[in-house]
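The structure appears below as structure tokens.
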Amino acid sequence: MTFSHKMMASTAALLIASSSTVWADGHATHPETGETLATDQTFTYRDLDESPSIDPGVAEDSAGGDILRDLFEGLYNQAADGSLEPGVALSHTVSDDNLVYTFTLRDNAKWSDGSPVTAGDFEYAWKRAASPELASPYSWYIELMAIENAAAVIAGEMDPSEMGVTAIDDTTLEVRLSQPLPYFDQMVTHFTTFPVPEAVIAEHGAEWTKPGNMVSNGAYVLTEHVPQEKLVRERNEMYWDNANTIIDKTTSLVINDENVALTRYLAGELDRTDVPAGQFPALQAEYPDQAVSVPLACSYYYTVNMTDTTNPALLDPKVRQALSLAVNRDVVVEAVLAGGQKPAYTFTHWATAGFETPDTPIAGMSQEERDAKAKELMAEAGYGPDNPLSVNLIYNTSEAHKSVAIAITQMWKQTLGVETELANQEWQTFLETRGNQDYELARAGWCADYNEASTFLDLMQSESGYNDAKYVNARVDELLAEAKTSDNPQAAYTEVEQIISAEVPIIPIYHYAAVKMFAENLEGWPLENFQQNWYSKDLYKVAE
Amino acid sequence: MLSFIARRLSVAIPTLLILVVLSFVLMYSAPGGPFNSERPLPPQVLANIEAKYGLDQPFWKQIVNYVWSVTTQFDFGPSFQYKDRTVNDVIAQGFPVTLTYGFWSFVVAVVVGVSLGIAAAIKQNSWLDYLAVGISVGAQVLPNFVMAPLLTLGLTLGWFWMTGAALLPGGGWEGGVIVAACAEKDNFCFGLPWGGAWRFDYLIMPVIALSTSYMASIARITRSSMLEVLNTNFIRTAKAKGLPMGRVIRKHALKPTMLPVLSYLGPAFVGMITGSVIIDVFFSTGGIGQFFVNSAFNRDYSVIMGITILVGALTMFFNLVVDILYAWIDPKIRY
């Protein structure tokens, strides 16, 4: 071997050696897409505030839900598009009368301490969530699931043992309902229905949610929690699908101020943050791959007080219609909010599963036509330049609500000559004022509990505790009751929306969108999931 | 002196009790409650929760129970908002954070403020005076809610854009100053010979933002107080004796100068160590300042009460300390 040959051979050896090291280190690929994965698989994101609780039975906010979907796994998970995927349950059957659901659980699901997850863990968790001793603010969710005797258990009239959920054996869970609920299987993806470890709770009591004490069955375990600062969860080696989990560690940082969060995102400290109001167009222009707007399951509307404590003018449907028609929703979403929100002419969010936005007269008009019609109706009701209408509008203190309110009251003034007195109120005061019908018009928002139109429309039911308009319509009540047992409730929903659009107990303004910044190399985010229910186990980072 | 301290302490206890009762009444008279939300709870669920936290009992009984458990067991009760935690947990986690950055802010504010004030007074109407006054006025007009985002923009994002790595993290606490070891990204971290490390990365921006306005006030008070002292007879006497200026300042002028400064420092110190909502919000420190404000918004009665008592007790304690220091500095003051 000559010198040059030797040289070549050793170089080749070196090349092989070094490339194989890189291969071992950084060239892991995604099992399905085949993309090359980054070496660093940590995901750090911003939360607005500390969650009230991370006990599945007690938790109540959506940020807490994000954490709990990582730490625990319920019967079903949601896929990227919001459809159902097996979680701890593999499948279920429903009885002919639609009242008994029988879930078959996988036998390889484990708690992070290695013990198996059984049907009994679900039975315990659901009964616990409903029990008056736990006094969970989300116990109503169990009642909403229409589980037999749940209402009586919450009311303290029956023992939790009489609730309609039973573990037949370790892998069979039977749930009995008090009435058929077409979307029941959707509801078991929610954190209130997640299993909890009875032995651990018995040992540690209320302290069981602290790191070190907590035992969970999700893809991650809680490793660090400094309230109001951060919460860290890391890979759960016991998770049944751990082999296919890519993100090793997820950290949520509590950053109250969204501008600070954006600064820290831009400085590379975060992989996901929220876009401050009004900044989306600029950020999208500058970072087209990072700024994203996706539909979010909430509707923004003004509610009209329909009781006798209101402004008498608002009891005239023509006045209410005129006010709704004169709101130029395109200006609100494009100029004021500018975050990909959509104008709302129905209460139900346009992206709700199985919901077809019905045709209403107002949606089909141009804004000029709406304004003309509004003037006409106002004149018919006896208001005009000589006799201007004055109303009050309250909203809870926030810059965004203020901007929307100012824009809308200007539209009312310019089109209809309506004088509006605006008042902002601190949150708790606002809730009390609105809840006591001590208002004329009030800002409101509603977010879906599950992906089905009744989560919005049930608010229009006469007896609903959330019906702040105190709107009463026997036909609406009838239709909503009918929808609960119908195989195809769309017809009923269409009619309800049309009645609301004609009678205007609420003035829908826009449907929410979530505007976020996502790190360029973060993949797997369920952008099409309308409740923005995401799982760290489905995310991954690609090599740059 | 001891009888003075005993007297003050004996007054402090009824004062605290009055504070507790007054805050309790004020809080309950505010509209709303801890369990109201956009989505009102069904009445039965609300009743269960109120029973759990004892809110279904008559008002007088709630006060009596509260005062009883605070005084006998030092138990401030569960937080109504953060349902996994007690008020003791909230304070135990948040207070050390604010105590740390508050203490360092205090040190910086006092050292810089007093030095600026003295320098300005000695060289009155010189460029040094104008500079010192200029700095303190500048610091005063830059409130911390302007300082904080400016600092983050400059030292975190600006630095990141220029060099590819931020000089200081944009927020967080990460365990504070005393840590086991420095991480690679820490720029202001020093290993200690006896093990462990001191890391100032997460401390620097909060301290600058919090201390500047206090520093400005201290500088102004020191300057005017020093000017007044320098014109008194005993200083003129000292100078007439031919003492060097440095000695006159150190031995004679400094102590009387500090009297008005001290009366400012007592409440200022409490203000700093109990944190600032601005600092906590902008730097996400997890300190207690933001709990104070958030708990008022959330009507988290037990947390409001706990922090009110903490701040009240600290204020009284440090006022007492100031009074004792007064007597030590000024021989004319005797208790």
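Sequence lines, in order, name chains Z and D.
Quick note on the working numbering: the first sequence kicks off at 1 and runs consecutively.
Quick note on the working numbering: the second sequence kicks off at 545 and runs consecutively.
Think of the CB as a built atom: it goes at the ideal place given N, C-alpha and C, for glycine as much as any other residue.
Rounded C-beta distance between Z:S299 and Z:A261? I'm assuming under 8 Å.
At roughly 25 Å, the Cβ-Cβ gap does not stay under 8 Å, so Z:S299 and Z:A261 are not in contact.
Return the CA-CA distance between Z:V275 and D:F647, expressed in angstroms with no decimal places.
D:F647 has its alpha-carbon roughly 35 Å from the corresponding atom of Z:V275.
Using a Cβ-Cβ cut-off of 6 Å (strictly less than) and excluding sequence neighbours within five positions of Z:P489, which residues of its own chain qualify?
Excluding the 5 residues flanking it on each side, Z:P489 has same chain C-beta neighbours closer than 6 Å at A483, in chain order.
What do you reckon, are the CB atoms on D:G739 and Z:V226 nearer than 9 Å?
In this structure, Z:V226 does not lie closer than 9 Å to D:G739 by Cβ.
Check each residue of the region 266-278 of chain Z: if its Cβ is closer than 8 Å to any Cβ of chain D, include it; give the result in chain order.
Listed by position along the chain: L266, A267, G268, E269.
Residue range of the unbroken beta strand (DSSP E) whose run includes Z:V253:
Correcting the residue identity first, residue 253 of chain Z is Leu in this sequence and not Val. Segment 249-254, the beta strand (DSSP E) holding Z:L253.
Nearest-angstrom Cα distance between D:M789 and D:D867?
Spanning the two alpha carbons is a distance of roughly 29 Å.
Report yes or no: do three or more beta-carbon pairs, one from the region 556-575 of chain D and one from the region 403-413 of chain Z, lie closer than 8 Å?
The region 556-575 of chain D vs the region 403-413 of chain Z: no contact.
May I ask you to list, following chain order, the residues of the region 373-390 of chain Z that have a beta carbon less than 7 Å from some beta carbon of chain D?
Under the 7 Å Cβ criterion, the region 373-390 of chain Z contributes no residue.
Given that Z:Y466 touches chain D, what residues does it touch there, using C-beta distances under 7 Å?
Close partners of Z:Y466 in chain D (Cβ separation under 7 Å): R583, P584.
Quick check: the Cα distance between Z:P288 and Z:A513, rounded to an integer number of angstroms?
C-alpha of Z:P288 to C-alpha of Z:A513: approximately 17 Å in a straight line.
Under 8 Å, with one C-beta from each stretch per pair, do the region 54-63 of chain Z and the region 191-201 of chain Z reach the 3-pair mark?
Yes, since at least three Cβ pairs between the region 54-63 of chain Z and the region 191-201 of chain Z fall closer than 8 Å, the two stretches touch.
Beta-carbon separation of Z:I246 and Z:L539 under 9 Å?
The criterion of a C-beta distance shorter than 9 Å is satisfied by Z:I246 and Z:L539.
Where does Z:G65 sit, in a helix, a strand or coil, going by DSSP?
The DSSP-derived three-state label of Z:G65 is helix.
So if DSSP puts Z:K342 in a beta bridge, which residue, or which two residues, is it bridged to?
Z:H511.
When DSSP labels each residue in this structure, what does D:I877 get in the three-state scheme?
D:I877: coil per DSSP, three-state reduction.
What is the C-beta distance between Z:N217 and Z:E73, in whole angstroms, given that I count them as a contact (C-beta under 8 Å)?
Their Cβ separation, rounded to whole angstroms, is 5 Å, which keeps Z:N217 and Z:E73 in contact under 8 Å.
Please say whether D:F650 and D:M816 have beta carbons closer to each other than 9 Å?
Going by beta carbons, D:M816 and D:F650 fall inside the 9 Å limit.
Which runs of the alpha helix (DSSP H) at least 4 residues long sit entirely within the region 134-164 of chain Z? Give them in chain order.
Those alpha helix (DSSP H) runs which fall completely within the region 134-164 of chain Z and span 4+ residues are 139-144, 150-154.
Residue range of the unbroken alpha helix (DSSP H) whose run includes D:I748:
In the DSSP assignment, D:I748 falls within the unbroken alpha helix (DSSP H) covering 748-774.
Mapping the DSSP letters down to three states, classify Z:M460 as helix, strand or coil.
DSSP, read as helix, strand or coil, puts Z:M460 in helix.
Nearest-angstrom Cα distance between Z:R415 and Z:V391?
Here residue 415 of chain Z is Thr; the residue named in the question, Arg, does not match the sequence. Z:T415 and Z:V391 have their C-alpha atoms spaced approximately 15 Å apart.
Looking at the structure shown, is Z:R46 part of a helix, part of a strand, or coil, going by DSSP?
Three-state DSSP puts Z:R46 in a strand.
Among the residues of its own chain, which have a CB less than 7 Å from the CB of Z:A400, if the five just before and after it don't count?
If we look at Z:A400 and ignore the five residues flanking it on each side, its Cβ neighbours are A277.
Run the CB neighbour count on D:L585, radius 10 Å, all protein chains shown included, and call it buried at 16 or more, exposed below.
By the Cβ neighbour-count rule, D:L585 is buried, with 16 or more other Cβ atoms within 10 Å of its own.
Since D:A710 meets chain Z, which of its residues come closer than 8 Å, beta carbon to beta carbon?
Residues of chain Z passing the Cβ test: A267, G268, E269.
My understanding is that Z:L565 touches Z:R233, with C-beta atoms under 8 Å, so please give their C-beta distance in whole angstroms.
Since the first residue shown for chain Z is 1 and the last is 544, residue 565 of chain Z is missing from the structure and cannot be characterised.
Report the neighbours of Z:N217 on chain D: residues whose CB is nearer than 9 Å to its CB, in chain order.
The premise fails here: Z:N217 is roughly 19 Å from chain D at the closest Cβ pair, so nothing lies under 9 Å.
Report yes or no: do three or more beta-carbon pairs, one from the region 792-804 of chain D and one from the region 710-722 of chain D, lie closer than 8 Å?
With a cut-off of 8 Å, the region 710-722 of chain D and the region 792-804 of chain D do not count as touching, because too few Cβ pairs lie within range.
Exposed or buried, Z:D95, counting other C-beta atoms within 10 Å across all chains shown (16 or more means buried)?
The question names Asp, but residue 95 of chain Z is Ser in the sequence shown. When all chains shown are included, Z:S95 counts as exposed.
Three or more beta-carbon pairs under 8 Å between the region 360-368 of chain Z and the region 441-449 of chain Z, yes or no?
The region 360-368 of chain Z, when compared against the region 441-449 of chain Z, does not touch it at the 8 Å Cβ threshold.
Option nearest Z:W111 by Cα separation, candidates Z:K318, Z:N387, Z:W240
When each option's Cα is compared against that of Z:W111, the closest is Z:W240.
Z:F456 at chain D interface by Cβ criterion, 9 Å:
False, the Cβ-Cβ gap to chain D never drops below 9 Å.
To the nearest angstrom, report how far apart D:G819 and D:L643 are at their CA atoms.
Their Cα atoms are separated by approximately 7 Å.
Using 9 Å as the threshold, is the C-beta distance between D:V589 and Z:P137 below it?
Yes, the pair counts as a contact, with Cβ atoms nearer than the cut-off.
Residues in the same chain with beta-carbon distance under 6 Å from D:V855, minus the five sequence neighbours each way, listed in chain order, please.
So the list reads T818, once near-sequence residues are dropped.
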